[in-house]
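Residues 0 to 153 (numbering that gives the first Met the number 0) are what the sequence shown spells out, left to right. Yeah, the Cβ is synthetic: ideal placement off N, Cα and C, and Gly gets one too. Scroll down for the structure; my scribbles are underneath it.
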Amino acid sequence: MRLSKMDLSSLIAIAHSDGHLQLLLDRGDEIELLEIPAPVQAYEGLVELNEIVAEPAAFPVYEEPIALLPVSHSVAGVPPVEGSDEPVRVSSSMAATIAYDSHEQTLQVEFKSGAVYEYSGVDEETWEDFYSADSVGSFYNQHIKGRFDCERID
Numbered sequence: 000m001r002l003s004k005m006d007l008s009s010l011i012a013i014a015h016s017d018g019h020l021q022l023l024l025d026r027g028d029e030i031e032l033l034e035i036p037a038p039v040q041a042y043e044g045l046v047e048l049n050e051i052v053a054e055p056a057a058f059p060v061y062e063e064p065i066a067l068l069p070v071s072h073s074v075a076g077v078p079p080v081e082g083s084d085e086p087v088r089v090s091s092s093m094a095a096t097i098a099y100d101s102h103e104q105t106l107q108v109e110f111k112s113g114a115v116y117e118y119s120g121v122d123e124e125t126w127e128d129f130y131s132a133d134s135v136g137s138f139y140n141q142h143i144k145g146r147f148d149c150e151r152i153d
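Here is the structure:
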């Protein structure tokens, strides 16, 4: 079996009509309705997939703060002082907090689920672009996920 990575973040909605799968896509500056020939089973499969990935996963609750990501008085949108371990709270549907250690070149992302991942070898320019991105989730998916060694640390 061969698995293929998929990014369906621009898919807004789907429908099926007259033997066509209808896809409503967000193209950034416009919304596009795309129709492709497909059996109703394709639509049903996508609906089932959505139910699977939208179902919240049960993650353990940790009472202790993670070393690099303490729950603190950080101000959203203000980057930590270079080399510090102060986290940045972000407005994102994906992440709750991000932090960077310039000496170790490590990035930590605390996801809304509570899972914390550490990415090694992240340069300061990538960190600066990440915390200043309009969409933390999009930047993460395009520039961080799968590009750096990572480890779940919680």
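Looking at the DSSP output, residue 121 sits in no beta bridge, so it has no partner there. Here the region 21 to 36 makes contact with the region 1 to 13; the two share three or more CB pairs at distances below 8 angstroms. Distance from the CA of residue 137 to the CA of residue 33, rounded to the nearest whole angstrom, comes to 22 angstroms. Residue state for residue 129 is assigned as helix, using DSSP reduced to three classes. The closest CA to that of residue 27, considering only 148, 150, 133, is found on 133. At a Cβ-Cβ threshold of 7 angstroms, residue 108 and residue 116 count as neighbours. Check the Cα spacing between residue 111 and each of 135, 141, 124: the tightest is with 135.
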